[in-house]
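Number of protein chains: 2
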Amino acid sequence: MVPAVTSDRSDPSKGADVRRAVGVRDVAKRAQVSLGTVSNVINTPDSVRPRTRARVEKAMRELGFVGSRAAGQLRSRKSGLVGVVLPDVGNPYWADVLRGVESVLEEHDLTLVVGSTHQDPARQERLLRALAQQGVDGLLVAPIDKLRSWEQFADRRLGVVALENGDAPDAGSSISLDNVEGARQAITHLLELGHRSIAFINGPRNVPWCVERREGVLSGIQTAGLEASDVLIEVEVSDLTAAMGITATDELWGRCEPTAIVCANDLVALGALLSLQRRGLRVPEDVSLVGYDDVEFVEALRPPLTTVRQPSFEVGVIAGQMLLSGATRDGGERELLTPALIVRQSTGPARLR
Amino acid sequence: MVPAVTSDRSDPSKGADVRRAVGVRDVAKRAQVSLGTVSNVINTPDSVRPRTRARVEKAMRELGFVGSRAAGQLRSRKSGLVGVVLPDVGNPYWADVLRGVESVLEEHDLTLVVGSTHQDPARQERLLRALAQQGVDGLLVAPIDKLRSWEQFADRRLGVVALENGDAPDAGSSISLDNVEGARQAITHLLELGHRSIAFINGPRNVPWCVERREGVLSGIQTAGLEASDVLIEVEVSDLTAAMGITATDELWGRCEPTAIVCANDLVALGALLSLQRRGLRVPEDVSLVGYDDVEFVEALRPPLTTVRQPSFEVGVIAGQMLLSGATRDGGERELLTPALIVRQSTGPARLR
DNA sequence: AGCGAATCCTGAACCGGTTCACAGTCCTGC
DNA sequence: GCAGGACTGTGAACCGGTTCAGGATTCGCT
């Protein structure tokens, strides 16, 4: 046997090869089996007789074999990678969504490649290109514009699941929360408390769920029989972070002094709160404040924040399951969850001016 | 069927090939150049005459060429991937560190593969194995035990950088904060306020920086001329989250009622705060509370939290730079930053019992 | 025009795990 | 004793971008 293979790597001129990782061929030689069998042990252990399998596994252990996903991926066209593109992993809300996704996918030996867009379409584009080149098997994306360049992933093994993707996607499944309804509840709450000068700190216009939350706000005002231009002061921040919340609120107070602020996000609300406190304003006596997400810490803030609750972890779990279900093709599934306003102590009756 | 085994991919029997991604060879054919030139355009554009390069780039655009990192990686032994293994990306502190890393590495076309260990050695092991198989070029790890299985990454192109790695690592660079000093400051502050019954909610014993913070606490007590067993009540939680903080504090109050609590982490402190508030206890009048990290939101808590500040983003930036500097071999660099106690309003004089 | 150097291009071989058509072995039942 | 099927094991070909020695062109200068 062994008629001296053509591409024999054992170069007799040098002793041990210097820096070559052990490969299936090395393991095969040591275990006295063919390289195909080693591959079988790795991928379909049940198809190998226990005795043989044990021999191969022993050899792998002794040689410290660590496979190369890249090589396998090349032939099998499976990477074991799932791309996750979120607005901001540093936001506890998205971090929680991520944990949900993780909890579902990790037991299927899928590695997550996560990236944050920070509401920047260019960043999103870069991330998607990188993921495409990495050959991810599936994509989980909370798109921040309508460019849809993620559709190219639709025919990957696991397809695409979109989070918070405004209108219906042309490809893949999607899971969203009813942002219009959530925002409407928030603004309605404030209007009922008598507020007639309300600031709305929102994210960029290209972000679907920011647009929807704005719709909800406008719709709530309209339903109350009021004119948006009389009531609402709109502020736009480029990224929904606490730092931006501080800046936006500082600037806002240079122009006017609303009796309430609605934020697109709890982090921004946190920033707003810090800005107000530094200015010596009391919440809710001087200014009412509403957040969005119901992130863990808002309950312990001073004062506890009124906000719109969204089931973050659950969203992640559902998204992960959708991806695994493989039903992301031909239209895929749709899921729409409803958020709920949680009234705490950061909102109160409008102060008379 | 399909006995056509020729390596020729243009199968005239079927019109367009069904599901094959365009490769360098397709681009080469279209641009009338050799496949090597296409590779050069991708990797060393300056080595290709502008006219030729333009032709190739046009062809790539027209064909919608998306390279396969896997194929390239196989030959070049570079993956463009950097593994990042952190305790918990959901923790704003680590999320911030991650942003720092990201800001440095993204402009070098490195993709981050991030994973959370949640203080679980088994999870850490799984993550590291996955990263090894993905062929990451470098590793950034905040190890949660002494197993050192990450040393196998030492001879990757970019080596290893360890964060918060207790004693000196045997391989790679490292950047740490002086946890002993930080914890000592925290406990000393409480002792000076007259507290003599202090709970310490800490993470698992296998985590280096938890061990160090404990050392700091013990050392501070000793310096004050007191006996740890008289003063300190130690509680251990498996994961340093707000939820665990709530549970731990709830349980703690079933056993005893310290006048102060030191937490290994701001998230745990948040949990403790929530637990105390639900129990109707006032902070700091009834119980003083100290966190660790100085995460963004603690300043806005009720009351603002006394905590130990660590420069999170900066740590990430430095770690990223260390990785890029390539000096991770032969011992590598060491960096030790010093944290600082930030006294706010969650700590006050011990209430007389 | 003539010539050597510098620059640009070429394409077969290669990286290493997977695939799959095929061969060998073992077992059952007639 | 032997056909037929189930189960195991084999190894050349393959995936597609990169490498690199060598060929082809262009350039500078006399």
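In order, the protein sequences belong to chains S and E.
Be aware that the first sequence starts at 1, since it is given in full-length UniProt numbering, and climbs by one per residue.
Be aware that the second sequence starts at 1, since it is given in full-length UniProt numbering, and climbs by one per residue.
Glycine is no exception: its CB is placed at the ideal position from the N, C-alpha and C atoms.
- Residue burial annotation: ARG278 of chain S is exposed, with fewer than 16 other C-beta atoms found within 10 angstroms of its C-beta.
- For GLU234 of chain E, the enclosing beta strand (DSSP E) starts and ends at 232-236.
- Remark: three or more beta-carbon pairs, one from each stretch, lie closer than 8 angstroms, so the segment 73-88 of chain E and the segment 113-131 of chain E are flagged as touching.
- Scanning its chain for C-beta atoms nearer than 6 angstroms, with the 5 sequence neighbours on each side dropped, one finds around GLU234 of chain E the residues PHE200, in chain order.
- Look at the segment 121-140 of chain E: the residues with a C-beta under 9 angstroms from a C-beta of chain S are ARG123, ARG126, LEU127, ARG129, ALA130, LEU131, ALA132, GLN133, GLN134 and GLY135.
- The C-alpha of THR117 of chain E lies about 20 angstroms from the C-alpha of LEU86 of chain S.
- ARG25 of chain S and GLN73 of chain S have their C-alpha atoms some 17 angstroms from each other.
- The beta carbon of GLY115 of chain E sits closer than 7 angstroms to those of VAL85 and LEU127, all from its chain and outside the five residues before and after it, given in chain order.
- In this structure the segment 87-107 of chain E lies against the segment 307-321 of chain E, because at least three pairs of beta carbons, one per stretch, are closer than 8 angstroms.
- SER346 of chain E sits close to LEU305 of chain E, with the two beta carbons spaced by under 7 angstroms.
- Chain-ordered, the chain E residues with CB closer than 8 angstroms to the CB of LEU98 of chain S read VAL89 and GLY90.
- In this model, GLU285 of chain S and PRO92 of chain S are separated by some 28 angstroms (Cα to Cα).
- VAL66, GLY67, SER68, ARG69, ALA70, ALA71, GLN73 and LEU74: these are the residues of the UniProt domain "HTH lacI-type" (22-76) of chain S whose beta carbon lies less than 7 angstroms from some beta carbon of chain E, given in chain order.
- The secondary-structure analysis by DSSP pairs SER176 of chain E across a beta bridge with E:LEU336.
- Under the 7 angstroms criterion on CB atoms, ALA264 of chain E is classed as non-interfacial with respect to chain S.
- When CB distances to chain E are screened at a threshold of 8 angstroms, the residues of the segment 297-322 of chain S falling below it are PHE297, GLU299, ALA300, LEU301, ARG302, PRO303 and PRO304, in chain order.
- Nearest to ARG75 of chain E by C-alpha distance, out of E:THR37, E:ALA122, E:GLY135 and E:LEU110, is E:GLY135.
- C-alpha of SER197 of chain S to C-alpha of PHE297 of chain S: approximately 27 angstroms in a straight line.
- In the DSSP annotation of this structure, the continuous segment of the alpha helix (DSSP H) that includes THR223 of chain S starts and ends at 208-223.
- Among the CB atoms of chain S, one or more fall inside 7 angstroms of the CB of VAL113 of chain E.
- Taking a Cβ-Cβ threshold of 9 angstroms, none of the residues of chain E is close to SER288 of chain S; the smallest such distance is about 16 angstroms.
- Within the segment 260-286 of chain S, the complete beta strand (DSSP E) segments of 3 residues or longer fall at 260-263, listed in chain order.
- Contiguous beta strand (DSSP E) elements confined to the segment 40-74 of chain S do not occur, taking only those with 3 or more residues.
- Counting of Cβ neighbours within 10 angstroms places SER288 of chain S among the buried residues, the total reaching 16 or more.
- For LEU274 of chain S, the nearest CB of chain E lies under 7 angstroms from its own CB, placing it at the interface with that chain.
- Around SER79 of chain S, the beta-carbon contacts reaching into chain E at under 8 angstroms are ALA70.
- Each residue's CA atom was taken as its position, placing VAL113 of chain E and GLY36 of chain S some 30 angstroms apart.
- For the options S:VAL41, S:HIS195 and S:ALA242, the alpha carbon positioned closest to that of SER275 of chain S is the one of S:ALA242.
- The criterion of a C-beta distance shorter than 7 angstroms is not satisfied by ALA228 of chain E and LEU191 of chain E.
- With respect to the 7 angstroms criterion, GLY216 of chain S and LEU240 of chain S are not classified as neighbours on the basis of their beta carbons.
- Taking 3 residues as the minimum length, the beta strand (DSSP E) runs contained wholly in the segment 117-174 of chain S are 138-141 and 159-163, in order along the chain.
- Here the alpha carbons of LEU140 of chain S and ALA186 of chain S stand approximately 29 angstroms from one another.
- Judged by beta-carbon spacing, SER176 of chain E lies within the 7 angstroms limit of LEU336 of chain E, meaning their Cβ atoms are closer than that value.
- Of the other Cβ atoms in all chains shown, 16 or more fall within 10 Å of the Cβ of ALA319 of chain E; this residue is therefore buried.
- The beta carbon of GLN222 of chain E sits closer than 8 angstroms to the beta carbons of ALA228 from its chain, once the five residues preceding and following it are set aside; these are given in chain order.
- For THR307 of chain E, the uninterrupted beta strand (DSSP E) run begins and ends at 307-309, by DSSP.
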